[in-house]
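The block underneath contains the structure these notes are about, expressed in structure tokens.
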């Protein structure tokens, strides 16, 4: 079974929840393309990295979610969350120069879960609903929404677990 990124639910609201994520390590790649294309282009080099395409040829278990963030129109960062327990010292460097590893400090987010396909219109709709709901609760957001996919592409859409997320300011 695929390991899911750990988090603690802080509070449940109508339409979203707030979470606290402990520090973790990501492996990222920046790719060009529309939302769908970028997700596919980014996934392949990340999969090679965890399959042993790193300086130690170490295979790393697949985790969920795969994260996608639009940096600017036509440019996306796609990321794998490395398994819990991997820190900067134990993370092998990528052999693909397009990849980078980075530590993400513990932080708070608002998350809205949704099922169905992971198309750009579905993401944008859920991201807008998340931002509106967070605003109604008077919470301060930081940055822009990003997207998390938890399931493989062959899983039927009605069974898929996707999320729109946005970082939150300090309490």
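Residue numbers (our numbering): 203 to 373. Where a beta carbon is used, it is the ideal one built from N, C-alpha and C, also for glycine.
Span of the alpha helix (DSSP H) around residue 244: Taken as a continuous stretch (DSSP letters only), the alpha helix (DSSP H) holding residue 244 covers 237-252.
Cβ-Cβ distance between residue 283 and residue 303 below 8 Å: Residue 303 is positioned such that its CB atom lies no closer than 8 Å to that of residue 283.
Closest Cα partner of residue 320 within the set 369, 362 and 289: Ranking the options by Cα distance to residue 320, first place goes to 362.
Minimum C-alpha distance to residue 188 - residue among 239, 232, 210 and 299: There is no way to answer for residue 188, as the model of the chain reaches only from 203 to 373.
Cβ contact (3+ pairs, closer than 8 Å) linking the region 331-339 and the region 272-286: The answer is no - the region 272-286 does not touch the region 331-339, with fewer than three Cβ pairs under 8 Å.
Whole-angstrom distance between residue 258 and residue 252, CA atom to CA atom: For residue 252 and residue 258, the gap between their C-alpha atoms comes out near 11 Å.
Inter-residue CB distance, residue 366 and residue 314 (contact presumed, cutoff 8 Å): Taking 8 Å as the upper bound for CB-CB distance, residue 366 and residue 314 are in contact here, some 5 Å apart.
First through last residue of the alpha helix (DSSP H) which encompasses residue 331: 322-338 is the span of the alpha helix (DSSP H), which, as asked, contains residue 331.
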